[in-house]
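S.K.: Residue numbers (the numbering used here): 379 to 556.
Glycine included, each C-beta is placed from N, C-alpha and C at the ideal position.
Quick caveat: nothing in here was measured; it's all calculated off a predicted structure.
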């Protein structure tokens, strides 16, 4: 088994009238085979942006993980634009997530639950990967681009004792392969 990455990857999908309006995947990478750092991958209006000060890491995260996530499988996914931009983030499973990169701001708050997640069969581009993490589904989230809030809302499902959300924070996230 090869360890690919250790860090955190909060993400949010906002929807309006059942259609996604924005998807954002925030990465805080403590260690990976592609280096360490932060990145924010954003899909909005059919365009994909990778915001990071470490383009090699950001591109690897987008190609290896984000474009293969279940949240993105039905989105048009063109070649991303990689933009050199510092990403500041604060991930707190007790309160929520804030992140800023270039003209993008992301907030998530009001965790509904905390639980571990483990699988050895998370498919990425048809290849099973191992994944362990601590998950906190969030009740609320917002994304603003260029100072304008993107319309949409967080979707919640599941029972009260095991809620799911289209906005979630993670920590202690480890990806493996083989």
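Are the stretch 425–433 and the stretch 494–505 touching by the rule of at least three beta carbon pairs closer than 8 angstroms?
M.R.: no
S.K.: Could you give the DSSP three-state label for residue 423: helix, strand or coil?
M.R.: coil
S.K.: Give the single residue among 447, 416, 523 whose Cα lies nearest to the Cα of residue 464.
M.R.: 416
S.K.: How long is the line joining the alpha carbons of residue 534 and residue 555, rounded to whole angstroms?
M.R.: 30 angstroms
S.K.: Less than 8 angstroms between C-beta atoms, sequence neighbours within five positions excluded: which residues of the same chain meet that for residue 462?
M.R.: Counting only Cβ-Cβ distances below 8 angstroms, and skipping sequence neighbours, we find 430, 431, 433.
S.K.: Using a Cβ-Cβ cutoff of less than 6 angstroms, which residues in the same chain neighbour residue 409 once the five nearest sequence positions on both sides are dropped?
M.R.: 384
S.K.: Look at the alpha carbon of residue 436 and the alpha carbon of residue 418, and state the distance between them as a whole number of angstroms.
M.R.: 8 angstroms
S.K.: Please state whether DSSP places residue 448 in a helix, a strand or coil.
M.R.: helix
S.K.: Using the DSSP secondary-structure output, state which residues sit across from residue 410 in a beta bridge.
M.R.: 383
S.K.: From which residue to which residue does the alpha helix (DSSP H) around residue 471 run?
M.R.: Segment: none, residue 471 is in no alpha helix (DSSP H) and carries neither H nor E.
S.K.: Taking just the CA atoms, how far does residue 470 sit from residue 440?
M.R.: 23 angstroms
S.K.: Tell me whether the beta-carbon of residue 545 lies closer than 8 angstroms to the beta-carbon of residue 390.
M.R.: yes
S.K.: Let me check understanding here. Comparing Cα to Cα, which of 496, 536, 517, 521 lies closest to residue 553?
M.R.: Comparing Cα-Cα distances from residue 553 to each of 496, 536, 517, 521, the minimum goes to 496.
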